[in-house]
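Asker: Residue numbering for the sequence shown follows the UniProt record's numbering, beginning at 1 and increasing consecutively.
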Amino acid sequence: MAGTPQAYPKSRLVVQAFNDSGKEQVLTQSPTLQRVSQRILLSISVSLKNHNLYLRDITQAYVQSRTQLIRDFYIRPPVEMGLDKNTLLKVIKPLYAMAEAGNHWFSTYHKLHKEVLKMSPSTYDHCFLYRKNLQRDLIGITGMQTDDTLTSATDEFAKLEQETITAASIISKPVQKLTTETRLMFNGAVLKRGINNSIVVSQPKQCQNLSIVKEVLKENTSSRERPQKELSVKEQFVAQRARGAYIASVCQLEATFDYSVAAQIDHSAFPNDPSDDETIKNLNKRIYWQMNNPDRCLTFKPLNLSTVKLVVFTDASYANNRDMSSQIGYVIVMMDDNDNANLVHWTSIKCNRITRSVLAAELYAMAHGFDMGIAIKTTMNAMLRREISMYLCTDSKSLYECISKLGTTQEKRLMIDILCLRESYERREITELRWIAGNTNPADAMTKSKACPALKNLIDNNYINLNEATLKWVERVQDRNED
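(1) Who pairs with Ala341 in a beta bridge, going by DSSP?
(2) If Thr314 and Tyr330 are in contact, beta carbons under 8 Å, what's the gap, nearest whole angstrom?
(3) Considering just the uninterrupted stretch of the alpha helix (DSSP H) at Lys456, what are its terminal residues?
(4) With H, G and I counted as helix, E and B as strand and the rest as coil, what does DSSP make of Glu475?
(5) Along the chain, where does the beta strand (DSSP E) containing Cys393 start, and where does it finish?
(6) Classify Leu83 as buried or exposed, calling it buried when 16 or more other Cβ atoms lie within 10 Å of its own Cβ.
(7) Ignore the nearest five residues each way along the sequence and tell me which others in Cys452's own chain have a CB closer than 7 Å to its CB.
(8) Would you call the CB atoms of Lys377 and Trp435 closer than 8 Å?
(9) Where does Thr432 sit, in a helix, a strand or coil, going by DSSP?
(10) From Lys192 to Gln252, what does the alpha carbon distance come to, in whole angstroms?
(11) Tell me the start and end of each unbroken beta strand (DSSP E) in the stretch 376-423 that is at least 3 residues and wholly inside, in chain order.
(12) Please check the pair Val311 and Cys393, which I expect to be a contact at CB under 8 Å, by giving their CB distance rounded to whole angstroms.
(13) Short of 7 Å in beta carbon distance, which residues of its chain neighbour Lys218, apart from the five on each side in sequence? Order them along the chain.
(14) Does the structure place the stretch 414-429 close enough to the stretch 177-189 that three or more beta carbon pairs sit under 8 Å?
(15) Where Met98 and Gly143 are concerned, what is the direct C-alpha to C-alpha distance, given to the nearest angstrom?
(16) Do you know offhand how far Val201's Cα is from Lys456's?
(17) Sort Val474, Ser449, Thr447, Thr440 by Cα distance to Glu468 and report the nearest one.
(18) Is it right to say Leu134 is buried, meaning 16 or more other beta carbons lie within 10 angstroms of its own, or is it exposed?
(19) Starting from the C-beta of residue 486, find all residues in its chain whose C-beta is less than 6 Å away, skip the five residues before and the five after it, and write them out in chain order.
(20) Since Asn340 and Leu303 should fall inside the 8 Å C-beta cutoff, what is the C-beta to C-beta distance between them, to a whole number of angstroms?
(21) Assess, as a yes-or-no matter, whether the stretch 46-56 is touched by the stretch 68-80 under the definition of 3 or more beta carbon pairs within less than 8 Å.
(22) Looking at the unbroken beta strand (DSSP E) that takes in Tyr318, where does it start and where does it end?
(23) From what residue to what residue does the alpha helix (DSSP H) around Ser325 run?
(24) Is the beta carbon of Ile328 less than 8 Å from the beta carbon of Thr447?
(25) Going by C-alpha distance, which of Glu100, Ser43, Thr32, Leu48 is nearest Gln25?
(26) So who's on the other strand from residue 559, going by DSSP bridges?
(27) Grouping DSSP H, G and I as helix and E and B as strand, with all else coil, what is Thr355?
(28) Which residue comes first and which comes last in the alpha helix (DSSP H) that contains Gly140?
(29) Between Ile92, Val190, Val14, Asn103, which lies nearest to Thr28 when the distance is taken from Cα to Cα?
(30) The beta strand (DSSP E) spanning Ser152 covers which residue range?
(31) I'd like to check one pair, Thr154 with Ile139: are the Cβ atoms closer than 8 Å?
(32) Can you check which of these residues, Thr149, Thr146, Lys114, Met335, is closest to Lys132 by C-alpha distance?
(33) Would you report the Cα separation of Thr279 and Arg243, rounded to the nearest angstrom?
(34) DSSP puts Asp57 in a beta bridge; with which residues?
(35) Any idea if Ile171 is buried or exposed, counting beta-carbon neighbours within 10 angstroms, 16 or more meaning buried?
(36) Would you say the beta carbon of Cys452 is closer than 7 Å to some non-hydrogen atom of the ligand NAD?
Right, here's the structure in full:
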């Protein structure tokens, strides 16, 4: 494509559908793989010795859909076709730029994986599928991102997938296999083999495209290296915030909190001089850090899947935002009995509910983390054919005692969330609830801008000593009703 470092000709059947009035009545789905699903795929793949990682890119995916349009759709032919100017063409199958094209392709490709390859979708992500053999061993995991497919598979399943794609007459580029010499580009990230068979995820190219928000910008360079017109402070702020937040969501979670705070700024009034605004200063500081650390990456190391468990770290900062709202966040890791750990999910958001106390903020953070944790757990239970333990960890002693003991709170509306967590704890959906030291909580970086040694150690070493971090927990006896 023109404007890219390596230009090559590309041809697609594209319809100028921007004037299509009927697209407003079309329910567009176009699902894409969630970040958490991609990390779970990588974490499990690197832990299975007989699995390799493959990337498949479908050629002109939308025009390979097998289903026909439901509505009548007519277009004027291009001049190059040499047809009469009064001729109209009726579109039978979806083409690029049509609102429903993504739906038709997803239906075709997803149906192929479910019905022919006999793969089962995740309980929370339709684009995350897996298959087990007759011995119930995991032989294939697939993540679908429109026309790209990331697959962790045994040699046998990889061969079966290739035969199925070929039999379905779906045209694709040659499959790439992740090796020490070959890197993969998937969903905006670079995947490469690290030491001890680990997988490293980074975004060096995106970091190079970042720039500091300045008072006057004579020329801005886009991701395709094309010069653009001069941008105002507001336009620079919005563009760099979006780009930096994208990187933070993929592999640089240390920057998550700063971009969450930057997203809360009021766009109605921007200063002419960026040095006058504290939010812009903080954003520039974070952008500068990312520009100087383009190789900051996320590493996935092999885990012992027979002892792996989910650990959810939660934290909150009470009324620390500009509008006196609270910031809540969590970090979810997969770890084994050897204390090796892989990060699979994190978030930092402004709490939309009114918090009248520190306890309320901490409770909402835990409820938010538990909700995501239980969704991941149900999928992992099915994939690994056993009940995965889930630990909830908080540095709030009052929250720990509220859930582990049969007490109540002065703020009665909090009891709804407390009782939900307490019921899950009694049912052993939550295996353990732990009170940990504040300086050992990696989720602390999701609610504060200061450096977090616990998170840095987790990213650098993929290691957490949960027993040393724990201050208090309940020793639970075996349920007699369990088999």
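Each residue gets a CB set at the ideal place from its N, CA and C atoms; glycine is no exception.
Answerer: Put simply:
(1) Ala341 is bridged to Met335.
(2) That pair is a contact at about 4 Å.
(3) Residue range 453-461 is occupied by the alpha helix (DSSP H) that includes Lys456.
(4) It is coil, neither helix nor strand.
(5) Residues 390-394.
(6) Per the 10 Å Cβ criterion, exposed.
(7) Closer than 7 Å at Cβ, skipping near neighbours: Pro442, Asp444, Ala445.
(8) Contact: no.
(9) Thr is not the amino acid found at residue 432; the sequence shown has Glu there. Three-state result, Glu432: strand.
(10) Those two C-alpha atoms are separated by around 16 Å.
(11) Runs of the beta strand (DSSP E) inside the stretch 376-423: 390-394.
(12) Contact check for Val311 and Cys393: beta-carbon distance about 6 Å, within the 8 Å limit, so the pair qualifies.
(13) For Lys218, the pLDDT reaches just 48, beneath the cut-off of 50, and the residue's location in the model is therefore unreliable, although a value from the coordinates is still provided. Same-chain partners within the cutoff: Glu230.
(14) Flag = no, the stretch 177-189 and the stretch 414-429 do not touch.
(15) Distance from the CA atom of Met98 to the CA atom of Gly143, rounded to whole angstroms, is 24 Å.
(16) Rounded to whole angstroms, Val201 to Lys456 spans 16 Å at the Cα level.
(17) In terms of Cα proximity to Glu468, the closest of Val474, Ser449, Thr447, Thr440 is Thr440.
(18) With fewer than 16 other Cβ atoms within 10 Å, it is exposed.
(19) The question about residue 486 has no answer here: the residues shown for the chain are numbered 1 through 483.
(20) Between Leu303 and Asn340 the Cβ distance is about 6 Å, and since that is below 8 Å, they are a contact.
(21) Segments in contact, no.
(22) Membership of Tyr318 in any beta strand (DSSP E) is not indicated, and neither H nor E is assigned to it by DSSP.
(23) No alpha helix (DSSP H) holds Ser325; DSSP gives it neither H nor E.
(24) It is a contact, given that the beta carbons lie within the stated cut-off.
(25) In this structure, Glu100 is the residue among Glu100, Ser43, Thr32, Leu48 with its C-alpha nearest to the C-alpha of Gln25.
(26) Residue 559 lies beyond the range of the chain shown here (1 to 483); nothing can be said about it.
(27) Secondary structure of Thr355 (DSSP, three-state): coil.
(28) Annotation: Gly140 is outside any alpha helix (DSSP H); the continuous beta strand (DSSP E) that includes it extends over 138-145.
(29) Check the Cα spacing between Thr28 and each of Ile92, Val190, Val14, Asn103: the tightest is with Asn103.
(30) Looking at the DSSP string, the run of the beta strand (DSSP E) that includes Ser152 is 148-153.
(31) Result yes, Cβ atoms of Ile139 and Thr154 sit closer than 8 Å.
(32) Checked all of Thr149, Thr146, Lys114, Met335; the closest Cα to Lys132 is Lys114.
(33) In a straight line, the C-alpha of Thr279 is about 16 Å away from that of Arg243.
(34) As computed with DSSP, Asp57 is found in a beta bridge with Asp148.
(35) Flag for Ile171 reads exposed.
(36) This structure simply doesn't include the ligand NAD, nor any ligand for that matter.
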